[in-house]
Every structure is written in C-alpha cells, then in structure tokens.
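Here is the structure we will look at.
Residue numbers (UniProt numbering): 1 to 698.
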C-alpha cells in the first residue's frame, strides 16, 4: 500500500526524481539502473551498476554503489541505448541532424546507378564461393545510397535508383523497403526512427578475409570512392579467417534490421545451469509411500519450469553462484506447493515419440472483446485472459470456485488458531467461476501469474503494468515506466521480480515492492514484443520487431547474447527446462533453436504457415510444442533436435553452422483446430498439454 502513495512520474532514466546509474555494456548498448532518491550521492567512475542487493520482501532497498550522477536537463535514452540530453553520453552518439549530415559527402548523383550496377555486376560475376558472401552488401548499400540521394535533395535520381534496384533485394527486407519507399524528401528523414537507427547502428556483415580482400581490391581499382566511403562509414565488416560461408549458411543467420550479430557479442560467459533447490523433508502419504521413496525428494527446479532430470544434489557446474542475485526466501506455503509439485511429478507421464501428450484446448467463444493474452497457473487451476476491451478476466478451471477474502469486520470474528483458518477467511458469498478485473484503459497485451498464485500481472496499451491480488481480486499497484504500449510482461520463476517490454524498445526489470524499475535493458532497434526469464532467474530473453533476440544479465544489465536469423518480428520464446537451450518463434513461421552457452543457432523447425505465438517445452524437456495463427499445434522431438550438436570451437568462431534439413523427422504431430488461432500453450505438472485461443468465425 505504501507504494501507491509515492509519485510515479515516468521519464526514461531519471524516473520520478530518482538518480540513474549508467553502465556501458556491449558497444552501443547501455544498461541503466534506477536508484531511489537520495541513494545515489556517491560519485565514482562510470561503469558500476548498483547491486540487486538486500533481502527481498524484507524492506528491500537497492544499495547505492559508486555511480554516475545524472543531473541537468531531463535525460532520455535514445534507441541505440545511450543516455542523452545534458546528462551522460555513453558513446558519442550524434543527434539527428549530425547523423544525417554524414550524407553530405556525396558524389555525382547521376552516377549512383552506375556505381551500384557496376558493383552488382562485379559480385554476380565473381566465383560462387565469394558471391554469396559479397551479396550481403546489396541491401545496406542500396539503403544508404538511396538515403544519401534523398538527403541531398536529388529526388528524381533517388526515385529512379529505388525503382531500378529495389526488386533485387532479398524478400525478407520487403517491410523495410516499404518504409523506405515512403521517404522521398529530406524532411521525411528527420522524424523516421527506423531510418535513424539504420544510420546510427552500423549494419554488421560477416565476411571471410578472402572475399573482403577481393571487394577492397575491386573498389580501389575502379576508384569507386562513393561505395568505399559508405562501406567504411556505415558498415561493420566482421572478418573471419577460413572458408567463405555458403549461401545456405548465410541465409540462416541474416535478416535482422541491423545485419548479423558481431561475433564478440556472443562470447561472454553465461551461467545457464539451474540453481540448487533448498532441501526440506517431504512428508509421504501412507498409500504412496512405496512409489515415493525414489521420487519423493528430487532436487526440483522452481515450479514454473521443473525438471526431473535435475534430481542430483550436486551443484550444476554451469549454474550461477546461489547468491548471485538475491532471491526471495521460501514461505511455508511455497514449501507446501513444492511438496505437491513433487508428488505430481512422481505421477508424470514420460513423453517421447512413442508417447505423445494428450492436448486439452480451451476455446474462448464469443470473445468479441478480442482476446489478446492468456496465461495459466503452474498448477493449472486458473486461466486468465487479457482482452482488447481493457478487461482482465480470471476463470477457475477446477470445480473450486474463486473467492475473495472476507472484509476486515468479518475477519475479526475468526478464531486465528483454528486449523482451517485459510478456509474460514474466504467469503463464500463472493464465490464464482469468473472474476473480471477493471483498471486498464487500453487493450491488455500480456498477463502472468506469480508462481505462488497470489498475484497476477497485466500490461496494456495504456503504458502501465498492473499487479493484482488474487486474494481480493483488486489492483495493488500500477507500475508506470513505459510511455507507450507494453507488449509483454512475465514473473520470474521465483516470484518477486518481473520483466516488461514495449513499444519504447526497451525491457524493464521490476521488483513488486519498487515502483521504479531496477534495470532498463536498452539495445533493440524496434519494439520489444516478448520477454522470458531464464529458469535460474539470472537472465532475461527479449524478442523484438527488429528480428533479433537478446539475452540480458539481470545482475549488471549487460547484453550477453544477440541471436539473428528470424526474418520477421519475434512473438514467442521458451527456455528448455535444463536452461541450456532457447526456442524462438516469429512471424516467418519458423521455430529456431539456440545453444545459449555457445551462442549458436543449432536447429530450425519448419512447418507452420503463419506467426508462432506460443512455444512451450514439456516438463522434462522431451517435447517442444508450438502454437500458431495457422490454427495448429505442432509437437517436435526436442531430444533428437539437440542431439549430436556441432558446437566445436571452429563452428563457434566462424559461424559456419550446418542446419540439418530434418524438420519432417522431428515433427511428431500436427493438430488442427476448427478455426482457432493458438495463443498460449502450457504443460501441466503431469505433462498434459493445455492450449488456448479465441474462436474466429472468418
């Protein structure tokens, strides 16, 4: 309640008058952490981020650390992730006019078509092994040359240049080219963020040394300074030694707004192992004592993503230190829930190609208010829907109805010592199968239950994230930090922390008892469309409309992985239960599989014909389920997909990935709905697959 009385004025870094610290991470990306007012007085060197110290849930305060004081005019984060405006500039990021004025060094506008077609002819006539690599230059050069013509007001030449060469670009750049075609005057360029990003973040190309030397020699012989200037000024060429990559290898990795990731971007160490669970005794029921002895005390992951394979008491060598980030202590009710979870796990169905899960589909009928988000509690007792009419609706999916806690006057009459006090405090008069939560003022795009099922998060187009109590079915806090629609939010598997991502291109890490974000993850070049916590809660994955996936370290806010390869905005993410792999789905209808430790793409699952909105691994990680707008649920053999991976040092160093064309071998089943796009998937504790979506009559 105390949180509600505090001002929640929202600016990007100086939030509600608090001080921000800025730590540089990978080039062009800033990690920002907010510190409560009065806590950031210590001046020190840039580059230190306040720890997530303290004791969660116990008057927890973010410690002040030596930090950079931000003062002066209100600062903001620009979308390449630097803090600007009278405050701190992490890298020298030029402002709009300076960025665009780089286009002043122009050549003869009438020769642009000749320059480009000359290079095109050279590349198309080069040896096959070099042609595939050098063809990557076509798109970034086309964009920069076009923008240069527009900026210098050669409108007719620009139009002719666009019409002549835009058809040669790869099909996955069509959306970007549509935006580009609308920029026909110098004035249009100043307000267009996409193009400014294209200008400020160098387009990354990964090319072998032989191909690069060939290109350099050609441009110098031809005295083609115009193209050479653009290559040096606006492109980042990541040169590697070794064989050039094939067209197929390049196609797998390219397609994002700013090219591929630099190889250094995926070199940092990531602790992808699982945390060791606290030990406590499991009381056994009489009737299942026999069966429970081996299974009774497995070392379990948190309920959200448990893993029978992690029964060993030994610490996982790839796990982060237990106290790397402060996690809330287990309450008695959490321990009780873990015991229930373990008992359910003992009765879990072992899935595999010969034993596929049953699928139970929850169809939202007559959802004319437009279903926009779904979540299901870990114990599969409640389902929530977020709707376009700004309501959040919670249903009980068991015979047990939803009840609110009694009023204060009635509670005073209850005997606090009685065994069934938890039952007695519930008001039977409020019992119903459905509760509707009002508070948002725009469509609700994301919902997430807390692991203990006491709270619910929802995020909306209105720019807020709301925390609801499932005891009273009322709103406890409205978190204001995003100034634009918030597309997704998710609780940490340990509760207490949660993440949100939105149209402002940043993801924010929050704690339920802070009204300001603890971390701001800036670096994406377009909307952050989906967010997911790693099972050990030390990392957060974000998917974006810039067609990349980033992995962020919760401890210091650094970006530790950048994955490129999707050809459309990312809409779903799922970590494998053992924490080693990430599956991602996008509008391109492909599911890509990534090895987090090595920072490599290790698989591609083709089959869906539309956007993939839902991905979920089974509880033991044997099956990956994907749900799509094409009205199907597909089941994939995850064990086989991750077998015999080529993750040797050479592959990691050069990105020579060879994806097997084995989608059909890995596809275990396709299940059609009549006319219902699949928006959410959930495996119960016994591995029954629940799916959800709204029936559409088209």
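Using N, Cα and C, we set each Cβ at its ideal position, and we do this for glycine too.
Only exposed fits residue 643, as fewer than 16 other CB atoms lie within 10 angstroms of its CB.
Residue nearest to residue 625 within the set 636, 335 and 619 is 636 (criterion: CA-CA distance).
Around the CB of residue 514, 16 or more other CB atoms lie within 10 Å, so the residue is classed as buried. The three-state secondary structure of residue 359, taken from DSSP, is strand.
In the displayed model, residue 534 falls within coil according to three-state DSSP, outside both helix and strand.
Residue 606 carries a strand assignment under DSSP once its states are collapsed to helix, strand and coil.
Contact between the segment 136 to 149 and the segment 183 to 198 is present: 3 or more CB-CB pairs across the two stretches fall below 8 Å. In summary, residue 216 is exposed, with fewer than 16 beta-carbon neighbours lying within 10 Å of its beta-carbon over all protein chains present.
Per the C-alpha coordinates, the member of 250, 610 and 438 positioned closest to residue 206 is 250. In the DSSP assignment, residue 118 falls within the unbroken alpha helix (DSSP H) covering 112 to 125. Of the residues 536, 547, 482 and 138, the one whose Cα lies closest to the Cα of residue 519 is 482.
A straight-line Cα-Cα distance of about 15 Å links residue 534 and residue 619. Taking C-beta atoms as the reference points, residue 172 and residue 606 fail to come closer than 7 Å.
Around the Cβ of residue 614, a 10 Å sphere holds 16 or more other Cβ atoms; the residue is buried.
Here residue 544 really is in contact with residue 528; their C-beta atoms are around 5 Å apart, less than 8 Å.
Considering only 166, 397, 401 and 214, the residue with the shortest C-alpha distance to residue 125 is 214.
Per DSSP, residue 672 lies in no alpha helix (DSSP H) segment; the continuous beta strand (DSSP E) that holds it begins and ends at 667 to 672. Beta-bridge partners of residue 490 (DSSP): 499. Taking 8 Å as the upper bound for CB-CB distance, residue 586 and residue 574 are not in contact here, some 13 Å apart. Bridge pairing for residue 382: 396 [DSSP]. Counting along the chain, the unbroken beta strand (DSSP E) around residue 435 starts and ends at 434 to 437. When the five nearest sequence neighbours on each side are left out, the beta carbons in the same chain lying within less than 7 Å of the beta carbon of residue 153 are those of 186, in order along the chain.
Using a Cβ distance threshold of 7 Å, residue 470 and residue 457 do not count as a contacting pair.
Residue 321 and residue 496 do not touch by the CB rule: their CB atoms are close to 18 Å apart, not below 8 Å. Cβ contact annotation for residue 253 (same chain, cutoff 8 Å, sequence separation greater than five): 206, 260, 564, 565, 601, 655 and 657, in chain order.
With respect to residue 444, residue 392 sits close: the two C-beta atoms are nearer than 7 Å. Annotated as distal: residue 225 and residue 272, with beta-carbon spacing of 7 Å or more.
Scanning 160, 219 and 159 for the CA closest to the CA of residue 121 turns up 219.
Here the C-alpha atom of residue 486 lies approximately 28 Å from the C-alpha atom of residue 397. Within the model, the alpha-carbon separation for residue 621 versus residue 184 is close to 51 Å. Membership of residue 559 in the beta strand (DSSP E) is indicated by the continuous run 559 to 564.
Annotation: the continuous beta strand (DSSP E) that includes residue 680 extends over 680 to 683.
Assignment of residue 425 by DSSP, reduced to helix, strand and coil, places it in the coil class. Taking C-beta separations shorter than 6 Å and ignoring five residues to either side along the sequence, the partners of residue 500 in its chain run 459, 465, 486, 489 and 508, following chain order. Residue burial annotation: residue 366 is exposed, with fewer than 16 other C-beta atoms found within 10 angstroms of its C-beta.
For residue 558, the number of other beta carbons within 10 angstroms of its own is at least 16, and it is reported as buried.
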